[in-house]
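*Asks:* Here you go, one structure.
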Amino acid sequence: RTPPVRNICCVGAGYVGGPTAAVIAFQNPHIRVTVVDRDEKRIRRWNSQHPPIYEPGLNDILRVARDGSRQCIVCTESECSDGSSQCGGNGCASTTVAARLPNLFFTTDVAKCISEADVVLIAVNTPTKSRGTGAGSATDMAAFEAVTAVVAQHARPGAIIVEKSTVPCRTAELVQDTLSLHRPNVHFEVLSNPEFLAAGTAIKDLLTADRILIGSSSTPAGHRAAAALASVYASWVPKSRIITTNIFSSELAKLVANSMLAQRISSINSIAAICDATGADVDEVASAIGADSRIGSKFLNAGIGFGGSCFKKDVLSLVYLAETLILPEVAEYWRAVIMMNEYSRNRFVARVVRCLNNTLSGKKVTLFGYAFKKDTNDTRESPALDIIRTLAEEGPQEIAIFDPCCIPAQMEDEIRRFVGANFLKADGGPVAVYGNAYAACEGSDAVMITTAFDEFKNSATGEITIAGRPKACSVDPRPFEHTEPTEGDLLALHTYLQRMVTPATPVASVLDPLDRLNPFPTCTEDCPDCELEKATGTTGYGAGEEYVPKARLDWRKIHYHMRKPRWVFDGRGVLDISEMERLGFRVESVGRQS
Ligand code: UGA
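Residue numbers (full-length UniProt numbering): 65 to 658.
Have a look at this one:
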């Protein structure tokens, strides 16, 4: 019989642990889910109105599961349409609206939380090793191993221990060894349940998962444990999408999924180089091949290559696995994916330098995009970091950087740490970070698009699109440590809101849409500390509604600010090349023809 799961502990409150635990709790009001992390500051933020990561929809989930709410027990709509007896959500006519108690908790009390759990999810960071054997490709298991030892000491007998972190194949054996070392006569089942969510779409990916993968040992106890975990997901994921495998297949499948996705990007980037040399257009090639359902159309966007904390790390982990299994040809095959990624970046920068007469001396180059992908402030392994480093070697007068999602002060801090101590202007280097897109282009010789933010797409009118479901609050989605807004902030915020979203505002008068990137306080609907809710009331969108402004740059304005001959290098394929040329820019885009 499958043991009922009543209490889940998730160790690690990061990009995977936080959102995953939140969605599990949201979908299982009967299960108590506690996220533990020894980092007090991080836990404090998870318990505040300002969680440490920005993910669309996360605040809504937290509001229900962490804070409790009224919820229809039939259709699980989190709010009643009329606020009282009848649900009305999703066409549901139920009158059974019940108060929902909080069932998601964040704490630093690691031992207690682990000891009470039926299921312990281990979701800690597993980066690439930077020292010792396998440095540069093997997975650094230090944090994972340390947590496993703590779990072994405190878990209650019979608890199910789940690998959520991405780990090398056969890690489950090590976990079992650690468990039996610390608790020799106690039985624990170990499962592998890798996560497939992507940054920026975490909640959507969790709520509408393509598949849930659960690997277990092939004993009856292993199958029972897998069924128990499957029952947690079955609350919202169709059974046909819950795949069970042997434990090593599950561990390996995670690495292979990411490696295959990375390989597709490297493949299309290699074709982009051929397109450049032949006059073929990489987007046309991609859509022609993508129309074959055996190939599919996703992840064929050519450009400066993949970034992020996962692809490079996981391909390298696969390379290392092949090497340790003495399969050098296999290792070399996968290493080529990484080499092609580096080549794509270098080819892009080389093109910039070539077009600017082989010298950047005395010139200003502007980077649009610092995050590794759009709609996130995650900058881990961002292509922009490599590009800044390479450009700096050419001795430019200035490398200006602008990103609509990242906070300038944090960007500066990261540039100091990850690019080098002497790169920023303040430290005698060429790099300057801007909070305003137009200022970043002032006197610039070339703009390089390095992240595919919608804001950068060209729109001659400076058009504003209001995207996303209207709900709650995301005027400025960047996560901030909450600080009391000054009067000046509030005044600016009110002005901004009126300019941006009053439906009657003529488009032409909405200039400088990206001025929103001045430091407005970010806040949620219910935040008692600031005035944002009042401010949203002025928008004409109705109380409690949220709009997600997706303001586009006015490229005519950029044209005005730049220096002739006004180069634009599109490393992400977001611009309409002919339109840009019509506006008077010289445009180069990896493998795309105008
Ligand atoms: C990736 C996977 O997509 C997730 O399924 C996985 O769970 C996650 O890694 C993980 O292991 O944690 P993520 O790195 O967050 O997710 O983001 P992606 O959307 O996969 O983008 C990765 C990089 O590839 C970005 O820099 C993106 O700009 C680039 N990319 C993506 C391209 O250059 N071309 C494309 O066609 C698609």
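Note that beta-carbon positions come from the ideal geometry of N, C-alpha and C, so glycine has one too.
Is any heavy atom in the ligand UGA found nearer than 7 angstroms to the beta carbon of A336?
*Replies:* Because no heavy atom of the ligand UGA lies under 7 angstroms away, the Cβ of A336 does not count as near it: no.
*Asks:* In chain order, what residues of the same chain lie with their CB nearer than 6 angstroms to the CB of D634, ignoring the 5 residues before and after it?
*Replies:* Cβ within range, chain order: I513, S653.
*Asks:* If I measure Cβ to Cβ from P115 and keep anything under 8 angstroms in the same chain, skipping five residues before and after, which residues do I get?
*Replies:* So the list reads G82, R109, L122, N123, L126, P543, once near-sequence residues are dropped.
*Asks:* Taking the alpha-carbon positions, what's the I311 to S280 distance?
*Replies:* Going from the Cα of I311 to the Cα of S280 covers about 5 angstroms.
*Asks:* For a test of the three-state rule: what should DSSP assign to F482, helix, strand or coil?
*Replies:* Residue state, collapsed to three classes: helix.
*Asks:* Pick helix, strand or coil for G552, following the three-state DSSP scheme.
*Replies:* Any reading at G552 must be qualified, since the residue scores a pLDDT of 45, below 50, and its modelled position is unreliable; no value is offered.
*Asks:* Quick one: residues in its chain with C-beta nearer than 7 angstroms to the C-beta of F90, no 5 flanking neighbours on either side, listed in chain order?
*Replies:* Excluding positions up to five away in sequence, the list reads I125, V128, A129.
*Asks:* What does a CB cutoff of less than 8 angstroms around D345 pick up in its chain, not counting 5 residues either side in sequence?
*Replies:* Correct list, in chain order: C339, G655, R656, Q657.
*Asks:* So, are the CB atoms of V69 and D204 less than 8 angstroms apart?
*Replies:* Cβ atoms of V69 and D204: not closer than 8 angstroms.
*Asks:* If you measure between the beta carbons of T430 and V511, is that distance less than 8 angstroms?
*Replies:* In contact: T430 and V511 (Cβ atoms closer than 8 angstroms).
*Asks:* Can you tell which of R102, V214, I307 has the C-alpha that lies nearest to the C-alpha of E259?
*Replies:* When only C-alpha atoms are compared, the closest one is I307.
*Asks:* Suppose you measure from the CA of I72 to the CA of C233; what does that come to, to the nearest Å?
*Replies:* Going by the C-alpha atoms only, they are around 25 angstroms apart.
*Asks:* Taking 7 angstroms as the cut-off, is the C-beta of F90 nearer than that to any heavy atom in the ligand UGA?
*Replies:* No, the ligand UGA has no heavy atom inside 7 angstroms of this Cβ.
*Asks:* Assign T235 to one of two classes, buried (16 or more other C-beta atoms within 10 Å of its C-beta) or exposed (fewer than that).
*Replies:* That one is buried.
*Asks:* Can you name the residues that DSSP bridges to S280?
*Replies:* Paired residues: N310.
*Asks:* From S282 to K437, what distance separates their C-alpha atoms?
*Replies:* Those two C-alpha atoms are separated by around 39 angstroms.
*Asks:* Out of A501, E457, G499, F466, point me to the one whose CA is closest to N486's CA.
*Replies:* Closest by alpha carbon: E457.
*Asks:* Give the list of continuous alpha helix (DSSP H) stretches no shorter than 4 residues that lie fully inside the stretch 359–422.
*Replies:* With a minimum length of 4 residues, the continuous alpha helix (DSSP H) runs that stay inside the stretch 359–422 are 375–388, 392–419.
*Asks:* Hey, could you find the ends of the alpha helix (DSSP H) R127 is sitting in?
*Replies:* First-last of the alpha helix (DSSP H) with R127: 122–129.
*Asks:* Within 10 angstroms of its Cβ, does E119 collect 16 or more other Cβ (buried), or is it exposed?
*Replies:* Buried: at least 16 other Cβ atoms inside 10 Å.
*Asks:* At 4 residues or longer, and completely inside the stretch 226–282: list those alpha helix (DSSP H) runs for me, N to C.
*Replies:* Listed in chain order, the complete alpha helix (DSSP H) runs (minimum 4 residues) inside the stretch 226–282 are 235–246, 266–271.
*Asks:* Considering only C-alpha positions, which residue in the set A317, M626, T515, T342 is nearest to D439?
*Replies:* Comparing Cα-Cα distances from D439 to each of A317, M626, T515, T342, the minimum goes to T515.
*Asks:* Would you call D540 buried or exposed, if buried means 16 or more other Cβ atoms sit within 10 Å of its Cβ?
*Replies:* A caution first: D540 carries a pLDDT of 37, below 50, which makes its placement in the model too unreliable to give a value.
*Asks:* Write down the C-beta distance between G369 and N333 rounded to the nearest angstrom, noting that I regard them as a contact closer than 8 angstroms.
*Replies:* So it is a contact: roughly 6 angstroms between Cβ atoms.
*Asks:* Within the present structure, is the beta-carbon of I329 separated from the nearest heavy atom of the ligand UGA by less than 7 angstroms?
*Replies:* It does: the Cβ of I329 is within 7 angstroms (strictly closer) of some heavy atom of the ligand UGA.
*Asks:* Does the beta-carbon of C374, which I'm using as the reference point, lie nearer than 7 angstroms to any heavy atom of the ligand UGA?
*Replies:* C374: yes, Cβ under 7 angstroms from the ligand UGA.
*Asks:* Can you tell which of R328, F412, Q461, V184 has its C-alpha closest to the C-alpha of I451?
*Replies:* The option with the nearest alpha carbon to I451 is F412.
*Asks:* What are the start and end residues of the alpha helix (DSSP H) that includes C177?
*Replies:* It spans 174–180 - the alpha helix (DSSP H) in which C177 sits, taken as one unbroken run.
*Asks:* How about N365: is its Cβ closer than 7 angstroms to a heavy atom in the ligand UGA?
*Replies:* Within the cutoff, so yes.
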